[in-house]
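Undergrad:
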Amino acid sequence: MQSPDFRHRAVSTLPATALVVSALLMGWGCGQNSDPKAPAAATNAVMLKGAAVGMVWIGGGEFSMGGPAAAATVALRSGLGAGEPMCTGLRDGFTDSDPVHRVSVDGFWMDETEVTNDQFARFVAATGYRTVAEHAPQAEDFPGADPALLVPGAAVFVRLEGPVTLEDSLQWWRYVPGAQWRHPEGPGSSIEGRGNLPVVHVAYADAEAYARWAGKRLPTEAEWEFAARGGLDRKAYAWGDVRLEENGRWRCNAFQGRFPDADAALDGFRGIAPVRQYAPNGFGLYDVAGNVWEWCSDWYRPDTYRLRSVEGAVVRNPRGPSDSLDPDEPGVPKRVHRGGSFLCSDQYCARFLIGTRGKGAVDTGSSHLGFRCVQDGQSPLAGGR
Ligand SMILES: [Ca+2]
Numbered sequence: 000m001q002s003p004d005f006r007h008r009a010v011s012t013l014p015a016t017a018l019v020v021s022a023l024l025m026g027w028g029c030g031q032n033s034d035p036k037a038p039a040a041a042t043n044a045v046m047l048k049g050a051a052v053g054m055v056w057i058g059g060g061e062f063s064m065g066g067p068a069a070a071a072t073v074a075l076r077s078g079l080g081a082g083e084p085m086c087t088g089l090r091d092g093f094t095d096s097d098p099v100h101r102v103s104v105d106g107f108w109m110d111e112t113e114v115t116n117d118q119f120a121r122f123v124a125a126t127g128y129r130t131v132a133e134h135a136p137q138a139e140d141f142p143g144a145d146p147a148l149l150v151p152g153a154a155v156f157v158r159l160e161g162p163v164t165l166e167d168s169l170q171w172w173r174y175v176p177g178a179q180w181r182h183p184e185g186p187g188s189s190i191e192g193r194g195n196l197p198v199v200h201v202a203y204a205d206a207e208a209y210a211r212w213a214g215k216r217l218p219t220e221a222e223w224e225f226a227a228r229g230g231l232d233r234k235a236y237a238w239g240d241v242r243l244e245e246n247g248r249w250r251c252n253a254f255q256g257r258f259p260d261a262d263a264a265l266d267g268f269r270g271i272a273p274v275r276q277y278a279p280n281g282f283g284l285y286d287v288a289g290n291v292w293e294w295c296s297d298w299y300r301p302d303t304y305r306l307r308s309v310e311g312a313v314v315r316n317p318r319g320p321s322d323s324l325d326p327d328e329p330g331v332p333k334r335v336h337r338g339g340s341f342l343c344s345d346q347y348c349a350r351f352l353i354g355t356r357g358k359g360a361v362d363t364g365s366s367h368l369g370f371r372c373v374q375d376g377q378s379p380l381a382g383g384r
């Protein structure tokens, strides 16, 4: 499931006016497919440990971006239990990741894992940086909100005692005053002993600030997907076409059981997991599916792929549209999220499907949203670094 745009919405909605929309319930379109006539992925990506510590060289290449294709979506749907709730994308198609189209990206370095609490702590210690969640929302941004609610805080997933209908995501998300990266569940919680967990409650500006400090940048959506596919061509998942579990082996940290109140944690984790708990993908990247969503630098629009694919040519190094549009919240600038989180399941949000897309308001972090960075450079094969 996707991060709620709490900074924009929860604060406004806590007062009586309820503009409770659910990016959660919408943005999950499953993409229908289309263009599988494109040649097989001609990736030349090479996994090499680089001079950049904790990064992998992604050699770049051409690939089929988006999906899953319509036929693949039907197959995924047919594997679900009869009568169970179903992610709207699986049911109706992931429309914003359709059509599948050919894209190429140049080579780049990418963090092997999501940025961890320990890494983010070093950045904060060196710079004194304060995240968006540590600043009070400004009254002018939330007209009509109760001033008492304009306090620093962030969106936290809360565990419910029993089943609920899935129409209103604010049943399981709360704007928690005092929640921030050091206190992921709010005051009283801490990251003590959680240094190797992905940092969360990072807004887009926070992720960018870290990246700049580290001499890196956030990935474009195309770079992210190219890397996450790990050299596989048009597969449903980062590891191929088998589902999340096979012969007792789990592939990523997601949600099992009845969403959102009964996470069976069959994959070993209820909630967020440390990085590197599951096998890496073909390029040596960990947790590209599940655990926490990851920021990409592209603005989000649902029509990006459709407009991009009109010409039929290979799109080289796309950086996304020049502006953002989410028809459900047209006034809220949003960037792309990718990879899904520990809250994803076939019942609600199957965004661990590697071609699918998420989105989020740039000023909104949450307890299941993090990031990883990339860095420009030369291939180690070219004797670059
Ligand atoms: Ca899990």
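Heads up: the sequence shown begins at 0 in numbering that gives the first Met the number 0, then just goes up one per residue. Glycine is no exception: its CB is placed at the ideal position from the N, C-alpha and C atoms.
Hey, would you say the C-beta of D232 is under 7 Å away from at least one heavy atom of ligand 1?
TA: No; taking the cut-off as 7 Å, the Cβ of D232 has no heavy atom of ligand 1 nearer than that.
Undergrad: With burial defined as no fewer than 16 other Cβ atoms inside 10 Å of the residue's Cβ, what is the status of E245: buried or exposed?
TA: Label assigned to E245: exposed.
Undergrad: Taking N280 and W238 to be in contact with their CB atoms under 8 Å, please state how far apart those CB atoms are, rounded to whole angstroms.
TA: Yes, they are in contact, since the Cβ atoms of N280 and W238 sit about 7 Å apart, within 8 Å.
Undergrad: Cβ of D345 versus every heavy atom of ligand 1: is any distance shorter than 7 Å?
TA: No; taking the cut-off as 7 Å, the Cβ of D345 has no heavy atom of ligand 1 nearer than that.
Undergrad: Exposed or buried, what is D140 when buried is set at 16 or more other beta-carbons lying within 10 Å of its beta-carbon?
TA: It counts as exposed.
Undergrad: Are R334 and Y299 close, meaning C-beta to C-beta below 8 Å?
TA: Going by C-beta atoms, R334 is nearer than 8 Å to Y299.
Undergrad: Starting from F62, trace the beta strand (DSSP E) both ways and give me its first and last residue.
TA: Here the beta strand (DSSP E) through F62 covers 60 to 64.
Undergrad: In three-state terms, what does DSSP make of G364?
TA: Of the three classes helix, strand and coil, the one that applies to G364 here is coil, per DSSP.
Undergrad: Hey, quick one: how far does the beta strand (DSSP E) through R173 stretch, first residue to last?
TA: Looking at the DSSP string, the run of the beta strand (DSSP E) that includes R173 is 172 to 176.
Undergrad: Could you check whether the Cβ of N195 sits closer than 7 Å to any heavy atom belonging to ligand 1?
TA: No; taking the cut-off as 7 Å, the Cβ of N195 has no heavy atom of ligand 1 nearer than that.
Undergrad: Would you say the beta carbon of F258 is closer than 7 Å to some non-hydrogen atom of ligand 1?
TA: No, the beta carbon of F258 sits no closer than 7 Å to any heavy atom of ligand 1.
Undergrad: In this structure, how does DSSP classify S296 when only helix, strand and coil are distinguished?
TA: Residue state, collapsed to three classes: strand.
Undergrad: Take the Cβ of T126 as the centre, count every other Cβ of all protein chains shown within 10 Å, and call the residue buried at 16 or more, exposed below.
TA: It counts as exposed.
Undergrad: Check D322 in the structure and name its three-state DSSP category.
TA: Correct three-state label for D322: coil.
Undergrad: Relative to the alpha-carbon of T72, which residue among H200, A272, G60, M85 has its alpha-carbon at the smallest distance?
TA: Comparing Cα-Cα distances from T72 to each of H200, A272, G60, M85, the minimum goes to M85.
Undergrad: In the DSSP assignment, find the alpha helix (DSSP H) that holds V313 and state where it starts and stops.
TA: That residue, V313, is in no alpha helix (DSSP H); it is neither H nor E in DSSP.
Undergrad: What would DSSP say about Q374, mapped onto helix, strand or coil?
TA: It is a strand residue.
Undergrad: When the Cα of N316 is compared with those of T219, C295, G364, which residue comes out closest?
TA: Comparing Cα positions, the closest option is T219.
Undergrad: If you drop the 5 nearest sequence neighbours on each side, which residues of the same chain put their C-beta closer than 7 Å to that of A37?
TA: Legend: pLDDT at A37 = 30, less than 50; position of this residue unreliable, value from coordinates given subsequently. Excluding residues within five positions, the ones whose Cβ falls inside 7 Å are S63, R101.
Undergrad: Among all the DSSP beta bridges, which residues are the ones paired with T115?
TA: DSSP lists P197 as partners of T115.
Undergrad: Would you mind sorting R371 into buried or exposed? The rule is 16 or more other CB atoms within 10 Å of its CB.
TA: The residue in question, R371, is buried, as its Cβ has 16 or more Cβ neighbours within 10 Å.
Undergrad: In whole angstroms, give me the CA-to-CA distance for R228 and Q179.
TA: Roughly 31 Å separates the two Cα atoms.
Undergrad: Which residue's Cα is closest to the Cα of T363: F268, G78, H134?
TA: For the residues F268, G78, H134, the minimum Cα distance to T363 belongs to H134.
Undergrad: Could you check which residue in P67, F93, P186, A264 has the C-alpha nearest to that of P151?
TA: Minimum Cα distance to P151 is reached at P186.
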